[in-house]
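Participant:
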Amino acid sequence: MPSDSPFWCRAKLPLAVSLASVLVGPAWGVSFNIGEVEGQLDSELSIGASWSTAKADSKFIGANNGGKGHSEISDDGRLNFKRGETFSKLFTGVHGLELKVGDSGLYVRGKYWYDFELQDDSRPFKPISNSGRRASAQSAGTQLLDAYVYHNYAIGDQPGSVRVGKQVVSWGEGEFIGGGINTINPTDVSAYRRPGTAFKDGLVPVNLFYVSQSLTDNLSAQAFYQLDWEQSEADNCGTFFSQSDVIADGCSGNYRVMSKRSALNIADLAALTSAGVEVNEEGVLVRRGADRDARNSGQFGLALHYVFEPLDTDFGAFFMNYHSRDPILSGRAASQSVYNTASGAGGLAPMIVAGNASYYVEYPEDIRLYGLSFNTTLSTGTVWKGELSYRPNAPVQLNSNDLLYANVTLLPGLADASPLSVTPGADNQGYRRKEITQFQTSLRHIFDNAMGADRLTLTGEVGVIHVAGLEGSAQARYGRDPVFGSEGHDGFTTANAWGYRARAVWDYNKVLPGLDLKPNLGWSHDVSGYSPGPDNTFNEGRKAISLGIDAEYENTYLSSLSYTNFFGGRYNTLSDRDFVALSVGLKF
């Protein structure tokens with residue numbers, strides 16, 4: 143496919159543009175010509191399996207489901223899979239086709255998949271359904287990824303390029319840490335299971351118009367206008383890594399709270415049914431309202447890059463206006479008539495109010511982003527880059543327990559149940575806009591002939607996030623998984639948070655004739671503070687380590703084996719999601 147790398151790095155712009163504008167295909171694939179049309183078809187097939195290696199922690203399982211947690215809305219994945227069990231047996235095919243005539247071309251890429259574990263096997267707690275799910279969250283299906291046309295041209299002696307259609311545009315200098323400038327495309331959360339995964343590897347193509355133009359030998363500009371809004375791709379509820387049972391498309395009927403059915407007597411059940419409340423062994427159902435997706439229009443951005451030759455450094459400046467790709471959980475209070483009924487229902491009142499309230503998922507619009515970046519190579523050969531991003535109006539997720547219990551603050555004696563309040567029959571917006579500033583910087587160095595390897599590549603990145611204007615906990619609390627309940631003041635979003643990521647890759651070429659090996663080590667550590675949701679980039683004390691080895695034979699046959707361990711952090715809900723993954727495949 144045509145390279146999406148920016149064309150201003152480390153060379154005078156005309157040369158860099160022309161290098162980025164030519165057909166850059168992989169070493170494999172089928173090349174062909176039909177008249178003046180140059181074509182290349184690339185394919186990759188793989189099959190793999192993943193196994194859970196940690197026992198589900200009871201503190202992450204709701205009390206109504208037999209655990210010690212304070213919520214039942216994030217435990218389905220733990221109750222569906224036990225330690226030692228396979229949670230995925232996945233076959234995947236990916237095919238990309240490029241057709242080129244002169245300086246113009248078309249690129250299309252799609253995939254298909256079938257997860258035998260999720261599609262064919264039953265689950266002990268809740269079935270995993272494809273109904274109402276986005277294509278990417280389904281256990282089997284097909285999906286169009288890239289689909290765009292492009293044209294390379296020149297204005298005078300200054301080259302440029304234009305692309306229209308589904309594509310990935312990667313801005314900024316972030317390496318592993320998300321939440322920075324690289325925000326044009328939504329993300330696929332499944333791509334970030336292992337620490338040390340490059341952030342850009344999880345970007346999902348989206349429909350947009352994109353132009354890049356060299357203005358002088360040292361100055362270039364890029365711009366985009368997004369034609370469609372798309373949300374990030376979340377895990378289906380009930381799957382192994384699902385962190386919420388209530389957010390993904392189609393996952394209604396799972397928001398259960400308060401008393402379970404067997405804890406109520408016949409008279410109580412009759413009263414609740416009469417009041418329109420549905421209750422089962424997980425608790426009272428809070429119904430899901432229609433999602434409030436963002437509009438397609440109004441998303442655009444501009445980037446300028448200048449290569450300052452005395453420092454051999456590229457400096458970038460960015461602006462964009464976009465709509466959130468990540469979901470916010472919001473609520474709607476019960477009507478005044480429900481409150482009137484509940485006020486005379488004694489101990490059943492909170493359940494009546496909750497059972498007649500609802501929640502919905504929304505995506506706040508018109509987030510503004512301003513950014514600066516740099517990228518240089520030091521005298522040692524080390525690549526040093528970094529970026530600063532500022533959002534003056536970023537949405538920050540309020541604590542979902544506080545949103546829920548705000549519904550009962552209008553009942554007698556329960557005014558202190560939540561720091562938030564509601565108006566009967568009105569929306570209770572699940573976020574407030576705050577100023578968020580993020581800085582991140584990374585170093586990458588390549589060592590030749592190190593540790594017996596032909597090459598050792600070390601990459602590390604550190605990031606810091608600051609949120610301005612957070613209220614005291616008596617007014618509003620942000621973040622923290624509902625499984626930890628409402629008590630205490632720790633684990634909620636803090637004004638400052640930071641952490642770092644690192645990755646090492648050893649290249650052993652021709653270990654045997656035609657066989658290349660790449661052992662790798664990834665590390666992640668959230669050192670201090672809790673960054674805002676919905677991103678939740680840093681969670682104090684959370685750590686992860688991944689050990690893996692990739693093999694490639696004759697540039698065709700592939701295999702990968704890895705183990706990932708999550709640990710540390712008092713409020714880390716990934717600490718029991720350790721896993722082993724194995725896959726084999728071929729590319730042609």
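Take the sequence shown: its letter number 114 is residue 256 in the working numbering, and every next letter is one higher. We put the beta carbon where it would ideally sit given N, CA and C, even for glycine.
1. Cα-Cα, which of Leu-357, Leu-471 and Ala-499 is closest to Gln-300?
2. Using only CA atoms, which one of Ser-200, Asp-245, Phe-730 and Ile-326 lies nearest to Leu-511?
3. Would you give the residue range spanned by the alpha helix (DSSP H) that Asp-218 belongs to?
4. Roughly how far, in whole angstroms, is the beta-carbon of Ala-536 from the beta-carbon of Arg-575, given that I think they are within contact range, below 8 Å?
5. Return yes when the Cβ of Lys-402 is within less than 8 Å of the Cβ of Gly-418, no when it is not.
6. Within this structure, are the beta carbons of Ala-595 and Asp-508 separated by less than 8 Å?
7. With a CB to CB cut of under 6 Å and the five nearest residues on each side skipped, what residues in its chain are close to Arg-684?
8. Could you check whether the stretch 437-444 touches the stretch 480-498, counting it as contact only if at least three pairs of C-beta atoms, one from each stretch, sit closer than 8 Å?
9. Could you have a look at Glu-577 and say whether DSSP puts it in helix, strand or coil?
10. Tyr-367 to Ser-466, Cα distance in whole Å?
11. Tell me which residue opens and which closes the alpha helix (DSSP H) that Ala-484 is part of.
12. Evaluate contact between the stretch 658-673 and the stretch 640-648, counting only Cβ atoms and requiring at least three cross-stretch pairs below 8 Å.
13. Please check the pair Asp-262 and His-293, which I expect to be a contact at CB under 8 Å, by giving their CB distance rounded to whole angstroms.
14. Is DSSP giving Pro-266 helix, strand or coil here?
15. What three-state label does DSSP hand Asn-324 in the structure shown?
16. Have a look at Leu-427, Leu-414 and Phe-450 and flag the residue whose alpha-carbon is nearest the alpha-carbon of Ser-362.
17. Let's see if you can read the secondary structure: which residues bound the beta strand (DSSP E) around Tyr-672?
18. Using DSSP bridges, identify the partner residues of Trp-193.
19. Just to confirm, are Leu-703 and Gly-727 a CB contact at a threshold of 8 Å?
20. Considering only C-alpha positions, which residue in the set Val-311, Ala-592, Leu-654 and Ala-436 is nearest to Val-647?
21. When the Cα atoms are used, what is the spatial distance from Gly-513 to Pro-328?
22. What first and last residue would you give for the beta strand (DSSP E) that runs through Val-291?
23. Beta-carbon separation of Tyr-290 and Lys-268 under 8 Å?
24. Quick check: what's the CA-CA separation for Gly-392 versus Phe-730?
25. Residue range of the alpha helix (DSSP H) that Asp-410 falls in?
26. Can you give me the Cβ contacts of Ser-717 inside the same chain, cut-off strictly under 6 Å, excluding the 5 residues immediately before and after it?
27. Can you say whether Glu-613 is buried or exposed, counting buried as having 16 or more other CB atoms within 10 angstroms of its CB?
28. Taking all protein chains shown into account, decide if Ala-475 is buried (16 or more other Cβ within 10 angstroms of its Cβ) or exposed.
29. Distance check for Ile-588 and Arg-597, CA to CA, integer angstroms please.
30. How about Ser-702: is its C-beta nearer than 8 Å to some C-beta of chain B?
31. Measuring only the C-alpha atoms, how far is Gly-208 from Glu-420?
32. Name the DSSP beta bridge partners of Gly-664, please?
33. My output table needs one value for Ser-278: the three-state DSSP class, helix, strand or coil.
34. For Val-243, which of Trp-193, Phe-174 and Glu-227 has the nearest alpha-carbon?
35. Of the residues Asp-330, Gly-567, Tyr-448 and Thr-381, which one's Cα is nearest the Cα of Asn-517?
36. Would you kindly report the start and end of the unbroken beta strand (DSSP E) that includes Asn-463?
Facilitator: This is what the structure gives:
1. Leu-357
2. Ile-326
3. Boundaries of the alpha helix (DSSP H) harbouring Asp-218: 218-222, taken from the DSSP string.
4. 6 Å
5. Taking 8 Å as the Cβ cut-off, Gly-418 and Lys-402 do not qualify as a contacting pair.
6. no
7. Asp-668, Gly-710, Gly-711 and Asn-714
8. No, they do not touch.
9. strand
10. 15 Å
11. 478-484
12. yes
13. The pair is not a contact, with the Cβ atoms about 45 Å apart (cut-off 8 Å).
14. coil
15. coil
16. Phe-450
17. No beta strand (DSSP E) contains Tyr-672, which DSSP labels as neither H nor E.
18. Thr-228 and Val-722
19. Going by C-beta atoms, Leu-703 is not nearer than 8 Å to Gly-727.
20. Comparing Cα-Cα distances from Val-647 to each of Val-311, Ala-592, Leu-654 and Ala-436, the minimum goes to Ala-592.
21. So the alpha carbons of these two residues sit roughly 18 Å apart.
22. 282-297
23. no
24. Cα atoms of Gly-392 and Phe-730: separation of roughly 36 Å, rounded to the nearest angstrom.
25. 408-416
26. Phe-708 and Phe-709
27. Exposed: under 16 other Cβ atoms inside 10 Å.
28. buried
29. 7 Å
30. Chain labels in this structure do not include chain B; a single protein chain is all it has.
31. 20 Å
32. Arg-645 and Ser-688
33. helix
34. Phe-174
35. Nearest of Asp-330, Gly-567, Tyr-448 and Thr-381 to Asn-517, Cα basis: Tyr-448.
36. 455-464
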